[in-house]
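> Top line first, the protein sequences correspond to chains A and B. Going by our numbering, the first sequence opens with residue 29, and the numbers climb by one from there. Going by our numbering, the second sequence opens with residue 29, and the numbers climb by one from there.
Protein chains: 2
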Amino acid sequence: MRNIAEAVNITTPALYNHFKNKQSLYLAAISDTFENKSELLLQALSGQEKPLLRLHRFITQLSQVLHDDPDFHRLMQRELLDGDEERLRYLAQEIFGASFQQMMELLVELNPDCDAHSLAVIIIGMVQKPYELNPLDRFFPDSRQQHNNPAYISGQVMAVLSTYLGDTV
Amino acid sequence: MRNIAEAVNITTPALYNHFKNKQSLYLAAISDTFENKSELLLQALSGQEKPLLRLHRFITQLSQVLHDDPDFHRLMQRELLDGDEERLRYLAQEIFGASFQQMMELLVELNPDCDAHSLAVIIIGMVQKPYELNPLDRFFPDSRQQHNNPAYISGQVMAVLSTYLGDTV
DNA sequence: GTCTATAGTTTGATAGAC
DNA sequence: GTCTATCAAACTATAGAC
Chain A
29 MRNIAEAVNI
39 TTPALYNHFK
49 NKQSLYLAAI
59 SDTFENKSEL
69 LLQALSGQEK
79 PLLRLHRFIT
89 QLSQVLHDDP
99 DFHRLMQREL
109 LDGDEERLRY
119 LAQEIFGASF
129 QQMMELLVEL
139 NPDCDAHSLA
149 VIIIGMVQKP
159 YELNPLDRFF
169 PDSRQQHNNP
179 AYISGQVMAV
189 LSTYLGDTV
Chain B
29 MRNIAEAVNI
39 TTPALYNHFK
49 NKQSLYLAAI
59 SDTFENKSEL
69 LLQALSGQEK
79 PLLRLHRFIT
89 QLSQVLHDDP
99 DFHRLMQREL
109 LDGDEERLRY
119 LAQEIFGASF
129 QQMMELLVEL
139 NPDCDAHSLA
149 VIIIGMVQKP
159 YELNPLDRFF
169 PDSRQQHNNP
179 AYISGQVMAV
189 LSTYLGDTV
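1) Would DSSP call proline 41 of chain B helix, strand or coil?
2) Within the same chain, show all residues whose beta-carbon is closer than 7 angstroms to that of asparagine 162 of chain B, passing over the 5 residues directly before and after it, in chain order.
3) Are leucine 11 of chain B and leucine 69 of chain B closer than 8 angstroms when you measure CB to CB?
4) For the segment 86-109 of chain A, which residues have a beta carbon sitting closer than 8 angstroms to at least one beta carbon of chain B?
5) Does the beta carbon of glycine 75 of chain B sit closer than 8 angstroms to a beta carbon anywhere in chain A?
6) Cβ atoms of leucine 134 of chain B and proline 79 of chain B: under 8 angstroms apart, would you say?
7) Is there a C-beta anywhere in chain B that falls below 8 angstroms from the one on proline 163 of chain A?
8) Between B:Pro41, B:Ser182 and B:Gly194, which lies nearest to isoleucine 87 of chain B when the distance is taken from Cα to Cα?
9) Leaving aside the five residues before and after serine 74 of chain B along the sequence, list all residues of the same chain whose C-beta is less than 8 angstroms from its C-beta, in chain order.
10) Taking the alpha helix (DSSP H) that leucine 109 of chain B falls in, what are its first and last residues?
11) Under 7 angstroms Cβ-Cβ, which residues of chain A neighbour histidine 145 of chain B?
12) Is it buried or exposed for glutamate 29 of chain B, if we count other Cβ within 10 angstroms and need 16 for buried?
13) What are the boundary residues of the alpha helix (DSSP H) that valine 36 of chain A is part of?
14) Can you give the Cα-Cα distance for glutamate 122 of chain A and arginine 85 of chain B, rounded to whole angstroms?
15) Using the three-state DSSP reduction, which class does glutamate 67 of chain A fall into: helix, strand or coil?
16) Going by Cα to Cα distance, which pick from A:Ile58, A:Leu43, A:His46 and A:Tyr180 is closest to leucine 116 of chain A?
17) At 9 angstroms on the CB atoms, spell out the chain A contacts of tyrosine 192 of chain B, in chain order.
18) In terms of alpha-carbon separation, which member of A:Ala120, A:Thr39, A:Val188 and A:Ile32 lies closest to tyrosine 54 of chain A?
19) Under a Cβ-count criterion, where at least 16 other Cβ atoms within 10 Å of its own Cβ denotes burial, should alanine 19 of chain B be classed as buried or exposed?
20) Can a CB atom of chain B be found closer than 8 angstroms to the CB of glutamine 184 of chain A?
21) Rounded to the nearest angstrom, what separates lysine 50 of chain B and isoleucine 38 of chain A at their Cα positions?
22) Please name the residue in B:Phe167, B:Glu137 and B:Asn64 whose C-alpha comes closest to that of leucine 193 of chain B.
23) What number of angstroms, rounded off, separates the C-alpha of alanine 148 of chain A from the C-alpha of alanine 42 of chain A?
24) For the alpha helix (DSSP H) containing alanine 148 of chain B, list its first residue and its last residue.
25) Tell me the rounded alpha-carbon separation between threonine 196 of chain B and glutamate 113 of chain B.
Laid out in structure tokens, this is it:
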């Protein structure tokens, strides 16, 4: 609370005029960070275009969001590690529920026999892991700037996926 | 420190006979959790077998480790979020350095034109993300036990990868 | 809506007896 | 190597003046 107060140039007690306590401030920070992201990802998945194109758009959008808003990524990882039941339900249902459902339907369109849930999780992992491992990059000899570029990452992911999903289109 | 002391049935000051301070206890916990895991993964990647088989063995081993030792997974994610420079270097160089290098060489064997670094990161994401998202599974309607099964996860990952890498073998 | 002053609690760590 | 007793610092939060 002291750090936050200092960051916004007021004293700690003044924070309590805006938030009831630390918990409510944290929840407000989560909401502010997560809302709108959900809508963005759902829109990328929706539309009348070919499924593979919508998947590409989603992957690019997710990669872009993770790149542009590091707080979004950090808070999500933090919630996955330490979130209580209420906050995890909020994350699962309010933030990612609709997008995840839409993505599974899209994957079934592409391959009716696939396990859409598993495949969706795997794809999210492909896109997100480069950002999770970013802190380690500076300690690897062949670290290139590409590895932090959303367009490059989504291209790499699509290259792997299209051979798997493309056969079924 | 109080929680740890209670968990091992001694008082808090008694902990300081075993560790100089909280920091050194934490570092000892990290070392104890990470060491040996490195060797396990490197062995899975090594050998004279066909590259695709070694990759499969690595993926299965990583999935198994993440499944069997939740503390390993939690501590790694925690370090990626909050680790200082010294701890991140330890993680990158002492724990994952050799395995990551070996994996990149293996991927170049499978596809000389690929970006081995990117591909390695993507593959790790495919394997690990199912475990990261585990806390959310109970809030999704179609949550099946399969999604927590190492053999099933590695099978799903290999199914996606083999069409991409298999063409080049 | 912000401040100063301070309450009440938790935390990491030490002193010293056994 | 463990205990009891205790400290100093940091923390969340409140009281009350302006």
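Positions of the beta carbon are idealized from the N, C-alpha and C atoms, including for glycine.
On the basis of the supplied data:
1) Start at 1 with the first residue of the second sequence, and residue 41 of chain B comes out as number 13. If DSSP states are grouped into helix, strand and coil, proline 41 of chain B belongs with the helices.
2) By 1-based counting over the second sequence, the position of residue 162 of chain B is 134. Counting only Cβ-Cβ distances below 7 angstroms, and skipping sequence neighbours, we find Asn176.
3) Chain B is shown from 29 up to 197; residue 11 of chain B falls before or after that span and cannot be answered.
4) Arg102, Gln105, Arg106, Leu108 and Leu109
5) Against the second sequence, residue 75 of chain B aligns to sequence position 47. No, its Cβ sits nowhere closer than 8 angstroms to a Cβ of chain A.
6) Taking the first residue of the second sequence as position 1, residue 79 of chain B is located at position 51. Taking the first residue of the second sequence as position 1, residue 134 of chain B is located at position 106. It is a contact, given that the beta carbons lie within the stated cut-off.
7) For the purposes of this step, residue 163 of chain A is taken as residue 135 along the first sequence, with counting starting at 1. Cβ-Cβ to chain B under 8 angstroms: yes for proline 163 of chain A.
8) Counted from its first residue, the second sequence places residue 87 of chain B at position 59. Minimum Cα distance to isoleucine 87 of chain B is reached at B:Ser182.
9) Position 46 of the second sequence, counted from the first residue, corresponds to residue 74 of chain B. For serine 74 of chain B, where only same-chain residues beyond five positions count, the Cβ hits under 8 angstroms are Arg82 and Gln130.
10) Counted from its first residue, the second sequence places residue 109 of chain B at position 81. Run containing leucine 109 of chain B: 98-110, per the alpha helix (DSSP H) assignment.
11) Locating residue 145 of chain B in the second sequence gives position 117, counting from the first residue. In chain order: Asp170 and His175.
12) The residue given as residue 29 of chain B occupies position 1 in the second sequence. A small correction: the amino acid at residue 29 of chain B is methionine; glutamate does not occupy that position in the sequence shown. Exposed: under 16 other Cβ atoms inside 10 Å.
13) To locate residue 36 of chain A, count along the first sequence from 1; it is residue 8. Per DSSP, valine 36 of chain A belongs to no alpha helix (DSSP H) and is neither H nor E.
14) The residue you call residue 122 of chain A lines up with position 94 of the first sequence. The residue you call residue 85 of chain B lines up with position 57 of the second sequence. Glutamate 122 of chain A and arginine 85 of chain B: Cα-Cα distance of roughly 38 angstroms.
15) As a position in the first sequence, residue 67 of chain A is number 39, starting the count at 1. It is helical.
16) Reading the first sequence from its first residue, position 88 is the one you call residue 116 of chain A. Nearest C-alpha to leucine 116 of chain A: A:Ile58.
17) Within the second sequence, numbered from 1, the residue matching residue 192 of chain B stands at position 164. Within chain A, the C-beta atoms nearer than 9 angstroms to that of tyrosine 192 of chain B come from Ala187, Val188, Leu189, Ser190, Thr191 and Tyr192, in chain order.
18) On the first sequence, residue 54 of chain A is found 26 positions in, with the first residue counted as 1. Selected option, being the one with the closest Cα: A:Ile32.
19) For chain B, the structure presents residues 29 to 197; residue 19 of chain B sits outside this window and is missing.
20) Stepping through the first sequence from its first residue, residue 184 of chain A is reached at position 156. Glutamine 184 of chain A belongs to the set of residues whose beta carbon lies under 8 angstroms from a beta carbon in chain B.
21) Against the second sequence, residue 50 of chain B aligns to sequence position 22. Against the first sequence, residue 38 of chain A aligns to sequence position 10. Their Cα atoms are separated by approximately 32 angstroms.
22) By 1-based counting over the second sequence, the position of residue 193 of chain B is 165. Closest by alpha carbon: B:Glu137.
23) If you number the first sequence from 1, residue 148 of chain A lands on position 120. If you number the first sequence from 1, residue 42 of chain A lands on position 14. So the alpha carbons of these two residues sit roughly 44 angstroms apart.
24) Counting from 1 along the second sequence, the entry for residue 148 of chain B is found at position 120. Taken as a continuous stretch (DSSP letters only), the alpha helix (DSSP H) holding alanine 148 of chain B covers 144-160.
25) The residue you call residue 196 of chain B lines up with position 168 of the second sequence. The residue you call residue 113 of chain B lines up with position 85 of the second sequence. In this prediction, threonine 196 of chain B scores a pLDDT of 47, lower than 50, which makes its location untrustworthy; the coordinate-derived value is nonetheless stated afterwards. Near 39 angstroms, if we compare the C-alpha coordinates of glutamate 113 of chain B and threonine 196 of chain B.
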